[in-house]
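Residue numbers (our numbering): 6 to 120.
Just so it is clear, CB atoms sit at the ideal spot from N, CA and C, and this is done for glycine as well.
To start, the structure itself, in structure tokens.
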Amino acid sequence: MTEVDDGTRHLGEPICAACGGGLEYDGGNPQPEDIVSCDNPNCGNSATYAEVAADCEAWYAEYMGFYSQQMALGGPTGGALANWKPRGKYRFIMKIVGVGKEEDFASCNPVRLNF
Numbered sequence: 006m007t008e009v010d011d012g013t014r015h016l017g018e019p020i021c022a023a024c025g026g027g028l029e030y031d032g033g034n035p036q037p038e039d040i041v042s043c044d045n046p047n048c049g050n051s052a053t054y055a056e057v058a059a060d061c062e063a064w065y066a067e068y069m070g071f072y073s074q075q076m077a078l079g080g081p082t083g084g085a086l087a088n089w090k091p092r093g094k095y096r097f098i099m100k101i102v103g104v105g106k107e108e109d110f111a112s113c114n115p116v117r118l119n120f
């Protein structure tokens, strides 16, 4: 079976896996060693940008594996996607905030994950 890329992409936002809070960083584009923190003052979860990126990339790889299986079975249902849980333990995960074509997200200046 060959894979066909129809151009559909996910736009995701990194969030804290412990509380679901957004992430904050004081500065411009973070460097791998810079500290990124959960914006929930009751959580306090923080890590280097490299650690956040690694968690998000691993989480997204798991998600895409599940999503691809669902597409092979005729398309993901809302219930299947809503009930999916990753197998790995992550401190930071992705919240999918949009689905569309790459040009739809151009104004967001997205960071590409190569999956």
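Which two residues bound the contiguous alpha helix (DSSP H) that contains Phe71? For the purposes of this step, residue 71 is identified with residue 66 of the sequence shown, where counting begins at 1. Run containing Phe71: Tyr54 to Ala77, per the alpha helix (DSSP H) assignment.
At least three beta-carbon pairs within less than 8 Å, the region 104 to 115 to the region 18 to 32: no
Taking all protein chains shown into account, do 16 or more other C-beta atoms lie within 10 angstroms of the C-beta of Met99, making it buried, or fewer, making it exposed? Locating residue 99 in the sequence shown gives position 94, where the first residue counts as 1. Classification of Met99: buried, given that the 10 Å Cβ count is 16 or more.
Beta carbon of Pro37, beta carbon of Trp64: below 9 Å? Walking along the sequence shown from the start, residue 37 turns up at place 32. Walking along the sequence shown from the start, residue 64 turns up at place 59. No. Outside cutoff.
Taking the straight line between their C-alpha atoms, what separation do you get for Pro19 and Val57? Translated into positions along the sequence shown, residue 19 becomes position 14. Translated into positions along the sequence shown, residue 57 becomes position 52. Roughly 8 Å separates the two Cα atoms.
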